[in-house]
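The structure appears right after this line, and notes come after that.
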Amino acid sequence: MEKIEYRVVIKFLFLKGNTPTKIKDELDSVYGDSAPLFSIVKFWLAEFKCGRESLVDDERLGRPNTASTDNNIAKFHQMVLDNHRIKVRESILNQDLGMRKLSARWVSRLLTLDQIRVR
1 MEKIEYRVVI KFLFLKGNTP TKIKDELDSV YGDSAPLFSI VKFWLAEFKC GRESLVDDER
61 LGRPNTASTD NNIAKFHQMV LDNHRIKVRE SILNQDLGMR KLSARWVSRL LTLDQIRVR
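Mind the numbering: the sequence shown is residues 1 to 119 in the numbering used here, read in order.
Written out as structure tokens, the structure reads:
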């Protein structure tokens, strides 16, 4: 079940005047193991008591997940190839390009076809 569907049920039971414990027991009896935790129920009850109407998550600060686009990855790969001694703390190197730090250089974990031919 989606998070927003649980929130709808929590809001409905809150508007009926149920306590957090009653709401958690009701969710457990209907949804079993997939019911949200008591801390989540308390959080959303506090939000609804403060006057929140929306059931969707608020925007979060920080870098969006879309920062590592194919275009950015290609540019970053070229930067690393131009200067192997680049000092960065980027997850693009590890996750997207499959590189790791060896001594003072970033090298590919797997050999390319050209490197295999040379060996």
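Cβ atoms here follow ideal geometry from the backbone N, Cα and C, with glycine treated the same way.
Would you call the region 3-19 and the region 28-45 touching, i.e. three or more CB-CB distances under 8 Å? Because the criterion of three Cβ pairs below 8 Å is met, the region 3-19 and the region 28-45 touch.
Considering only C-alpha positions, which residue in the set VAL118, ILE73, VAL56 is nearest to GLU2? One-based indexing of the sequence shown puts residue 2 at position 2. The shortest Cα separation from GLU2 among VAL118, ILE73, VAL56 belongs to VAL56.
Given a cut-off of 8 Å, decide if LEU27 and PRO20 are closer than it, judged by their beta-carbon atoms. Here residue 20 is taken as the residue at index 20 of the sequence shown, counted from 1. Here residue 27 is taken as the residue at index 27 of the sequence shown, counted from 1. Annotated as distal: PRO20 and LEU27, with beta-carbon spacing of 8 Å or more.
Quick check on DSSP: helix, strand or coil for SER29? On the sequence shown, residue 29 is found 29 positions in, with the first residue counted as 1. Assignment of SER29 by DSSP, reduced to helix, strand and coil, places it in the helix class.
Distance between VAL8 and VAL30 (C-alpha atoms, nearest Å): Position 30 of the sequence shown, counted from the first residue, corresponds to residue 30. Position 8 of the sequence shown, counted from the first residue, corresponds to residue 8. Spanning the two alpha carbons is a distance of roughly 14 Å.
Within its chain, find whatever has a CB closer than 8 Å to the CB of LYS24; leave out the 5 residues flanking it on each side and keep chain order. Within the sequence shown, the letter at position 24 stands for residue 24. These residues qualify, in order along the chain: ALA35, PHE38, VAL41.
Could you give the distance in angstroms between the alpha-carbon of ASN18 and the alpha-carbon of ASP70? Residue numbering aside, residue 18 sits at position 18 when the sequence shown is read from its first letter. Residue numbering aside, residue 70 sits at position 70 when the sequence shown is read from its first letter. Taking the straight line from one Cα to the other gives about 50 Å.
Please report the residue range of the alpha helix (DSSP H) in which GLU59 lies. Locating residue 59 in the sequence shown gives position 59, counting from the first residue. First-last for GLU59: undefined, no H or E at that position.
How many angstroms separate the CA atom of GLY51 from the CA atom of GLY32? Here residue 51 is taken as the residue at index 51 of the sequence shown, counted from 1. Here residue 32 is taken as the residue at index 32 of the sequence shown, counted from 1. Straight across, the Cα-Cα distance linking GLY51 with GLY32 is about 29 Å.
How would you label VAL80, buried or exposed, when you count the other beta carbons within 10 angstroms and need 16 or more for buried? For the purposes of this step, residue 80 is identified with residue 80 of the sequence shown, where counting begins at 1. Its Cβ being crowded by 16 or more others within 10 Å, VAL80 is buried.
How is GLU2 classed by DSSP in three states: helix, strand or coil? Start at 1 with the first residue of the sequence shown, and residue 2 comes out as number 2. Residue state, collapsed to three classes: coil.
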